[in-house]
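So for the sequence shown, the working numbering puts the first residue at 362; every next one is plus one.
Every residue, glycine too, gets a C-beta built ideally from N, C-alpha and C.
Here the structure is a predicted model, which is why all the values come from computation and not from measurement.
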Amino acid sequence: AILCPPRAHCSTNPPSSRSGLRVCLRWLRRGGGMPPKKKAPEPPPVEEPVEERPPTPPPPTEDEVTELETGLQLPLRGNDVGDLWALDEAYDAQAAMLSRLLGLEAAHPDPARRGILCDFYMFNLSQAKALCLSKRQGAVFHAIMSRAAAMAGELAQGIAERAADGGAQKEARRPEDLAHGTAECFEEFRRLMLQHSIAAPPERLAIFKATEARMLTDFASSTFFKHFLLYQFALSSARDVQDLHFCSGISLPRAPPSLRGGTLCAKAEEHGGDGQRGLVDGDAGGEGANGGEGEDEDDEIRRLVEEKLRETEAALQAKLDAREAAFQEKLTKRTATDKK
362 AILCPPRAHC
372 STNPPSSRSG
382 LRVCLRWLRR
392 GGGMPPKKKA
402 PEPPPVEEPV
412 EERPPTPPPP
422 TEDEVTELET
432 GLQLPLRGND
442 VGDLWALDEA
452 YDAQAAMLSR
462 LLGLEAAHPD
472 PARRGILCDF
482 YMFNLSQAKA
492 LCLSKRQGAV
502 FHAIMSRAAA
512 MAGELAQGIA
522 ERAADGGAQK
532 EARRPEDLAH
542 GTAECFEEFR
552 RLMLQHSIAA
562 PPERLAIFKA
572 TEARMLTDFA
582 SSTFFKHFLL
592 YQFALSSARD
602 VQDLHFCSGI
612 SLPRAPPSLR
622 GGTLCAKAEE
632 HGGDGQRGLV
642 DGDAGGEGAN
652 GGEGEDEDDE
662 IRRLVEEKLR
672 ETEAALQAKL
682 DAREAAFQEK
692 LTKRTATDKK
């Protein structure tokens, strides 16, 4: 529908007239005759799907951390130490678990060196358990001792570069080929023990008490650092294997005597032996003679023993008689004195 212009225009200028048509056209051009356009309904807003985020995991506990605030890396977590302690005296199971947790088979293909390191780690953890330390303390002590052992086996810079290039063997043969000595390794051990025995976070943490740190230091001094050169040689040099072959002769038994020269044994006839015959030949006769000499020697020994016994009895009897005479004499004198 088209709306008409106002009635005032229509009354003065009817639409049939030319002036009325001009007014209507002018009015239409101005937009007065068009009805207002209806606004199209806005589409409902599209709701974006809300992504479900997984819940934030809780922070790890003290026994689950792998690095302390001081920067010390823990090869074993506190829970790992607890699992090892739970095996008690099952050494084979403990060694297998420790080798799996630390990756010793890949890091040390040599079975001898791997066994030495495994024993070293097990002794440290056993000492920590004997001192009634917590699982976290055991893990920190293991990390400190592992750092000291790693420093003991490090090669010097030049030797390490040649070993990486394939120009030299990785095993050190001289003390000069090693990067650190006893003093340097002990200084690193002392620094780490002090760093984890004083409460000054985050640079220092009071993991150990003063008494615990002292006992652990005494243990390390009397074991690892007391035999430091031996550990250093075992961790830096491959074990030499030598195969020695020996030829040992086998002594064969002598051939038995001939049965043709057998004769009746005289000793068997004395005892009325029935069919007991000594089989002797030339060698057997010699053996029979030796047997007779053996019997004579037994008789001689028996005679000497009897004579020695008789002499001993006579000496003892003489001593007893002398003591008896001295006692009687003393008794007689005392009796005479009492009568006076």
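Our two residues, H469 and R475, have alpha carbons roughly 6 Å apart in a direct line. When the five nearest sequence neighbours on each side are left out, the beta carbons in the same chain lying within less than 6 Å of the beta carbon of L465 are those of R475, in order along the chain. Linking E548 to I559 through their CA atoms gives a straight-line distance of about 17 Å.
Remark: three or more beta-carbon pairs, one from each stretch, lie closer than 8 Å, so the stretch 425-436 and the stretch 500-507 are flagged as touching. The stretch 438-451 makes no contact with the stretch 578-594: fewer than 3 CB pairs, one atom from each, lie closer than 8 Å. R615 carries a coil assignment under DSSP once its states are collapsed to helix, strand and coil. Taking a 10 Å sphere around the C-beta of I611, we find fewer than 16 other C-beta atoms and assign the residue as exposed.
The beta-carbon separation of L613 and A513, rounded to 55 Å, does not stay under the 8 Å limit for a contact.
In the structure shown, E658 adopts helical secondary structure according to DSSP, grouped into three states. Runs of the alpha helix (DSSP H) lying entirely within the stretch 561-628 and spanning at least 4 residues, in chain order: 571-583 and 589-597. Taking 8 Å as the cut-off, the Cβ atoms of T427 and P563 do not count as close. When secondary structure is reduced to three states using DSSP, E412 falls in the coil class, being assigned neither helix nor strand. Distance from the CA of Q455 to the CA of V442, rounded to the nearest whole angstrom, comes to 10 Å.
Bridge pairing for S558: A567 [DSSP]. The C-beta distance from T543 to F502 rounds to 20 Å, too long to fall under 8 Å, and the pair is not in contact.
Straight through space, the alpha carbons of A687 and L677 are spaced by roughly 15 Å. Contact between the stretch 569-578 and the stretch 486-497 is present: three or more C-beta pairs spanning the two stretches fall below 8 Å.
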